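Enquirer: Let me give you the structure first, and then I'll get to my questions.
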Amino acid sequence: MTELIILGTSNAVPSPGHENTHFALSTPERKLLVDCGTNPLIRLELAGLDANDLTDIILTHFHPDHTAGLPLLLMDMWLMGRQRPLNIHGLGYTLERVKTMMDLYGWEEWPNFFMVNFNPIPEQDRAVVLEDNHLRILSSPVKHFLPNICLRIELKTLKKSIAYSCDTEPCQAVLDISQGVDFLLHEATGPSAGHSSASQAAEVARQANVGALYLIHYPTGRFASGVMLAEARAIFPGKVFQATDLMKINLDE
Numbered sequence: 004m005t006e007l008i009i010l011g012t013s014n015a016v017p018s019p020g021h022e023n024t025h026f027a028l029s030t031p032e033r034k035l036l037v038d039c040g041t042n043p044l045i046r047l048e049l050a051g052l053d054a055n056d057l058t059d060i061i062l063t064h065f066h067p068d069h070t071a072g073l074p075l076l077l078m079d080m081w082l083m084g085r086q087r088p089l090n091i092h093g094l095g096y097t098l099e100r101v102k103t104m105m106d107l108y109g110w111e112e113w114p115n116f117f118m119v120n121f122n123p124i125p126e127q128d129r130a131v132v133l134e135d136n137h138l139r140i141l142s143s144p145v146k147h148f149l150p151n152i153c154l155r156i157e158l159k160t161l162k163k164s165i166a167y168s169c170d171t172e173p174c175q176a177v178l179d180i181s182q183g184v185d186f187l188l189h190e191a192t193g194p195s196a197g198h199s200s201a202s203q204a205a206e207v208a209r210q211a212n213v214g215a216l217y218l219i220h221y222p223t224g225r226f227a228s229g230v231m232l233a234e235a236r237a238i239f240p241g242k243v244f245q246a247t248d249l250m251k252i253n254l255d256e
């Protein structure tokens, strides 16, 4: 089965029932995690996935709500006896800081630690992140407070595609990488510097002619406004959903 699983939907301030935004993609060849702000171990288990089956992690940028859970996840996989290598993809800026963060924990001294392959992504439009028989993932730089990327996930055999805006102000890169995708996961933090509102997300969806818009990375708990869907639906005439934690999208259908 090829499946997209939303593990968390909150912006940087999580709340009960809403972890920081991260998601998993399961394909015949890979088990992929995008971002790791909180340790996804329990969320993966609730979703029916084993963390030790992860083949790849893509880190969009080095803000705590997207990377701070990585040391704990790596330690837990080591403690659970992981042996197979793990691939971590990100911009050079991001990976260098991840390595520094791990060095602070002295991870090179952890005995029998599994191999971690760091794969830098070129900071350019439509850079190839990874590719196999079933999957191709592209990235482009977006407009945020530090180097950051949006993603386009192309499922070759299924002829379906997904785009993820990550944290960004409205910019041409997200519009370009989202063109014609079946599913657009777009942040809806609000109309502030480095971020986008639900209505701005909907404008991207409208201009890119996407199949469905999923609002993600939005304010939750006491910060929730309750008007995101109405704002987006007023602009984008297609399907609009509020992504929820542990939501599953069966991509085989």
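Everything in the sequence shown is counted per the numbering used here, starting at 4 for the first residue and increasing by one. Positions of the beta carbon are idealized from the N, C-alpha and C atoms, including for glycine. Quick caveat: nothing in here was measured; it's all calculated off a predicted structure.
If I follow the unbroken beta strand (DSSP E) through residue 155, where does it start and stop?
Expert: Taking the sequence shown and counting its residues from 1, one reaches residue 155 at position 152. Element bounds for residue 155: 152–158.
Enquirer: In its own chain, which residues sit with a C-beta less than 8 Å from the C-beta of residue 277, not counting the 5 before and 5 after it?
Expert: The question about residue 277 has no answer here: the residues shown for the chain are numbered 4 through 256.
Enquirer: Determine the closest residue to residue 125 out of 95, 58, 57, with distance taken between C-alpha atoms.
Expert: Taking the first residue of the sequence shown as 1, we reach residue 125 at position 122. Selected option, being the one with the closest Cα: 95.
Enquirer: Between the segment 77–94 and the segment 117–124, are three or more C-beta pairs nearer than 8 Å?
Expert: These segments touch.
Enquirer: For the alpha helix (DSSP H) containing residue 224, name the first residue and the last one.
Expert: Taking the first residue of the sequence shown as 1, we reach residue 224 at position 221. Where residue 224 is concerned, there is no enclosing alpha helix (DSSP H), given that its DSSP letter is neither H nor E.
Enquirer: What separation, rounded to the nearest whole angstrom, lies between the Cα atoms of residue 19 and residue 57?
Expert: In the sequence shown, residue 19 corresponds to position 16, counting from 1. In the sequence shown, residue 57 corresponds to position 54, counting from 1. About 26 Å.
Enquirer: Can you tell which of 42, 141, 182, 253 has its C-alpha closest to the C-alpha of residue 161?
Expert: Walking along the sequence shown from the start, residue 161 turns up at place 158. The candidate whose alpha carbon is nearest that of residue 161 is 253.
Enquirer: My guess is that residue 101 and residue 62 are in contact by the Cβ rule of under 8 Å, so how many angstroms apart are they, rounded?
Expert: Here residue 101 is taken as the residue at index 98 of the sequence shown, counted from 1. Here residue 62 is taken as the residue at index 59 of the sequence shown, counted from 1. 7 Å between Cβ atoms; contact.
Enquirer: Give the range of the alpha helix (DSSP H) segment to which residue 69 is assigned.
Expert: In the sequence shown, the residue the question calls residue 69 occupies position 66. Segment 67–70, the alpha helix (DSSP H) holding residue 69.
Enquirer: Kindly list the residues whose CB is nearer than 6 Å to the CB of residue 186, restricted to its own chain and excluding five residues on each side of it in sequence; keep chain order.
Expert: Walking along the sequence shown from the start, residue 186 turns up at place 183. Correct list, in chain order: 165, 215.
Enquirer: With contact counted as at least three CB pairs below 8 Å, one residue from each stretch, are the segment 23–34 and the segment 132–141 in contact?
Expert: Enough Cβ pairs lie closer than 8 Å, so yes.
Enquirer: Could you pull out every unbroken alpha helix (DSSP H) segment of at least 4 residues lying fully inside the segment 22–73, listed in chain order?
Expert: For the segment 22–73, whole alpha helix (DSSP H) runs of length 4 or above, ordered along the chain, are 44–49, 67–70.
Enquirer: Looking only at DSSP bridge pairs, what is residue 144 linked to?
Expert: Residue mapping note: residue 144 aligns to position 141 of the sequence shown, counting from 1. According to DSSP, residue 144 bridges with 152.
Enquirer: Could you tell me whether any non-hydrogen atom of the ligand SAH is closer than 6 Å to the CB of residue 24?
Expert: The ligand SAH is not part of this structure, which contains no ligands at all.
Enquirer: Could you please give me the residues that DSSP links to residue 186 through a beta bridge?
Expert: For the purposes of this step, residue 186 is taken as residue 183 along the sequence shown, with counting starting at 1. Paired residues: 165, 215.
Enquirer: Would you mind reading off the limits of the beta strand (DSSP E) that contains residue 86?
Expert: Counting from 1 along the sequence shown, the entry for residue 86 is found at position 83. Per DSSP, residue 86 belongs to no beta strand (DSSP E) and is neither H nor E.
Enquirer: Would you please state the rounded distance, in angstroms, between the beta carbons of residue 14 and residue 247? I believe it to be under 8 Å.
Expert: Taking the first residue of the sequence shown as 1, we reach residue 14 at position 11. Taking the first residue of the sequence shown as 1, we reach residue 247 at position 244. Not really, about 14 Å apart at Cβ, beyond 8 Å.
Enquirer: Can you tell which of 127, 89, 206, 42 has the C-alpha that lies nearest to the C-alpha of residue 143?
Expert: Here the question's residue 143 lines up with position 140 in the sequence shown. For residue 143, the nearest C-alpha among the options comes from 127.
Enquirer: Straight-line CA distance for residue 183 to residue 209?
Expert: Taking the first residue of the sequence shown as position 1, residue 183 is located at position 180. Taking the first residue of the sequence shown as position 1, residue 209 is located at position 206. Roughly 10 Å between the two C-alpha positions.
Enquirer: Mind checking which residues open and close the alpha helix (DSSP H) that includes residue 98?
Expert: Along the sequence shown, read from residue 1 onward, the residue named residue 98 stands at position 95. Residue 98 -> alpha helix (DSSP H) spans 95–107.
Enquirer: Please say whether residue 181 and residue 211 have beta carbons closer to each other than 7 Å?
Expert: Counting from 1 along the sequence shown, the entry for residue 211 is found at position 208. Counting from 1 along the sequence shown, the entry for residue 181 is found at position 178. In contact: residue 211 and residue 181 (Cβ atoms closer than 7 Å).
Enquirer: For residue 53, count the other beta carbons within 10 Å of its own beta carbon; 16 or more makes it buried, fewer makes it exposed. Which is it?
Expert: Mapped onto the sequence shown, residue 53 falls at position 50. Result: exposed.
Enquirer: Does residue 207 pass the burial test, meaning 16 or more other C-beta atoms within 10 Å, or should it be called exposed?
Expert: Looking up residue 207 in the sequence shown gives position 204. The residue is buried, with at least 16 neighbouring Cβ atoms inside 10 Å.
Enquirer: Any idea what DSSP makes of residue 180, helix, strand or coil?
Expert: Start at 1 with the first residue of the sequence shown, and residue 180 comes out as number 177. Correct three-state label for residue 180: helix.
Enquirer: Can you give me the C-alpha to C-alpha distance between residue 226 and residue 22, rounded to a whole angstrom?
Expert: Along the sequence shown, one-based indexing puts residue 226 at 223. Along the sequence shown, one-based indexing puts residue 22 at 19. Approximately 14 Å between the Cα atoms of the pair.
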